[in-house]
Amino acid sequence: MLTNKIEKNEFRLADEAAGLLEMQLAEWEFLKANYEKLADIIAKEIRYEDYKFIALHNPERIKSTAADVSDSGIKNRKCFLCKENLPVEQRGIVYDKKYYLLCNPYPVVGKHYTIVKLKHMPQQIVGNIEDLLDLTRHMSKYFTLFYNGPKCGASAPDHMHFQAIEKKKMPLEDDFKKLIGDSRNFRIDKSRISITAAETYPGKPVIVESEHKGEILKAFRTILNGLKKIYEPKEEPMINIVSTYEGNKWSLFIFPRREHRPAEFYSGELIVSPAALDMAGLVIVPRKEDLDKIDRDKLIDIYKQVSFTKEYYEFLKKKLFEKYIRV
Numbered sequence: 001m002l003t004n005k006i007e008k009n010e011f012r013l014a015d016e017a018a019g020l021l022e023m024q025l026a027e028w029e030f031l032k033a034n035y036e037k038l039a040d041i042i043a044k045e046i047r048y049e050d051y052k053f054i055a056l057h058n059p060e061r062i063k064s065t066a067a068d069v070s071d072s073g074i075k076n077r078k079c080f081l082c083k084e085n086l087p088v089e090q091r092g093i094v095y096d097k098k099y100y101l102l103c104n105p106y107p108v109v110g111k112h113y114t115i116v117k118l119k120h121m122p123q124q125i126v127g128n129i130e131d132l133l134d135l136t137r138h139m140s141k142y143f144t145l146f147y148n149g150p151k152c153g154a155s156a157p158d159h160m161h162f163q164a165i166e167k168k169k170m171p172l173e174d175d176f177k178k179l180i181g182d183s184r185n186f187r188i189d190k191s192r193i194s195i196t197a198a199e200t201y202p203g204k205p206v207i208v209e210s211e212h213k214g215e216i217l218k219a220f221r222t223i224l225n226g227l228k229k230i231y232e233p234k235e236e237p238m239i240n241i242v243s244t245y246e247g248n249k250w251s252l253f254i255f256p257r258r259e260h261r262p263a264e265f266y267s268g269e270l271i272v273s274p275a276a277l278d279m280a281g282l283v284i285v286p287r288k289e290d291l292d293k294i295d296r297d298k299l300i301d302i303y304k305q306v307s308f309t310k311e312y313y314e315f316l317k318k319k320l321f322e323k324y325i326r327v
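Counting along the sequence shown from 1, when you hit position 316 you're at 316 in full-length UniProt numbering, and nothing is skipped either side.
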């Protein structure tokens, strides 16, 4: 059942989301049980240079981490994000007549939401990036938003959605000021926008910061067009996105990807499937034995396998240079 309706220009979405979770915890036993299990999560801190990473053993996330996102796997199941297939206990909030906000019944950490397109359509960021920025702003009181591409983290690549968790749960949210201040990283500073190609961070995000939504959108198009030169023309480039809004400024963390999963996933050695949270330093590990195995060297190798190569990253930096510096 979809309840409260929030218009696009309203800023009470964060409070409404918090209220929805309270209501759902009181009336949906399955959700309540999974939230209670969060108390049993085991965390392991890993350091690389001056950056912090947290590996989280959360066994309830195995459904997402090991999801079958092949064409046949999708065809052989109902879309679990479509309204008619939601659990009968699930409630939601309609936003801008285009999305409904749901409490995620398999939370990663703390408050966790899925923001689903009302219309069943494939997961794609083109045509939806402005919605991500608007949602980020309207939920910024408590939450950080993120997007997983259809081939690099989305467990429902057949239905467009974003996700949100509590602010400051991703280590990168605390570490990113170190990144933008690191002189080793390529950086563009203009009066209305700043862009950092953060190669010194293992996930290699491109960080776009601006108070002006139009500038963010233009920079995103430049980055996406650069990525399209590398991928098949009909495919969405593999990217994960983390989106924050603080002090009247958006910060968009764009993680270009070259692989969905590391070799260890397919061999069964380590069940880790990096998506936006993992790329931003919150590494989800459903099996306890994998938490024991994962260390600094193993983690950095996983990032190396799934992130852009140096050659591709140089190409992307060249495109940014041509757009913003070579005039």
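We put the beta carbon where it would ideally sit given N, CA and C, even for glycine.
Presumed contact (8 Å Cβ cut-off) between residue 55 and residue 285, rounded CB distance: In this structure residue 55 is in contact with residue 285, their Cβ atoms being roughly 5 Å apart against a cut-off of 8 Å.
Euclidean distance between Cα positions of residue 61 and residue 325: Going by the C-alpha atoms only, they are around 43 Å apart.
At least three beta-carbon pairs within less than 8 Å, the region 181-196 to the region 133-150: By the Cβ criterion, the region 181-196 is not in contact with the region 133-150, since fewer than three pairs of Cβ atoms, one from each stretch, lie closer than 8 Å.
Buried versus exposed call for residue 122 [16 or more other C-beta atoms within 10 Å across all chains shown]: It is exposed - the Cβ of residue 122 has fewer than 16 other Cβ atoms within 10 Å.
Rounded separation between residue 182 and residue 49 - CA only: Roughly 12 Å between the two C-alpha positions.
From 216, 313, 70, 250, residue whose alpha carbon lies closest to that of residue 228: Measuring from the Cα of residue 228, the nearest candidate turns out to be 313.
Proximity to residue 72 [Cα-Cα], best of 199, 316, 158, 184: The option with the nearest alpha carbon to residue 72 is 158.
Exposure label - residue 146; buried when at least 16 CB within 10 Å: By the neighbour-count rule (16 or more Cβ atoms within 10 Å), residue 146 is buried.
Option in 110, 206, 246 with minimal Cα separation from residue 40: If we check each option's Cα against that of residue 40, 110 comes out closest.
C-alpha distance - residue 129 paired with residue 301, whole-angstrom precision: Distance between the alpha carbons of residue 129 and residue 301 is about 30 Å.
Any non-hydrogen atom of the ligand ATP within 7 Å of residue 158 CB: Absence of the ligand ATP from the depicted structure is noted, as is the absence of any ligand whatsoever, leaving it without description.
Euclidean distance between Cα positions of residue 295 and residue 203: If you draw a straight line from the Cα of residue 295 to the Cα of residue 203, it comes to about 16 Å.
Where residue 211 sits in the DSSP three-state scheme: Three-state result, residue 211: coil.
Residue 136 - containing alpha helix (DSSP H), residue span: Here the alpha helix (DSSP H) through residue 136 covers 129-138.
Distance between residue 216 and residue 198 (C-alpha atoms, nearest Å): Here the C-alpha atom of residue 198 lies approximately 17 Å from the C-alpha atom of residue 216.
Alpha-carbon spacing of residue 213 relative to residue 126, whole angstroms: Answer to the nearest angstrom: the Cα atoms are 15 Å apart.
Nearest candidate by alpha-carbon position, reference residue 15, set 113, 299, 106, 257: Across the set 113, 299, 106, 257, the C-alpha of 113 shows the shortest separation from the C-alpha of residue 15.
Cut-off 7 Å between Cβ atoms - residues of its own chain near residue 166, not counting five sequence neighbours on either side: Excluding positions up to five away in sequence, the list reads 110, 111, 142, 143.
Contact check, residue 323 vs residue 222, beta carbons under 8 Å: Residue 323 is a Cβ neighbour of residue 222, given a cutoff of 8 Å.
Rounded C-alpha distance that separates residue 288 from residue 38: Note on geometry: alpha-carbon atoms of residue 288 and residue 38 lie some 14 Å from one another.
Own chain, CB closer than 7 Å to residue 58, minus 5 neighbours either side, in chain order: Correct list, in chain order: 41, 108, 284, 286.
DSSP state of residue 272 mapped onto helix, strand, coil: DSSP places residue 272 outside both helix and strand once states are collapsed to three, so it counts as coil.
Residue 265 versus residue 254 - alpha carbon distance: Computed Cα separation, rounded: 23 Å.
Where residue 114 sits in the DSSP three-state scheme: Of the three classes helix, strand and coil, the one that applies to residue 114 here is strand, per DSSP.
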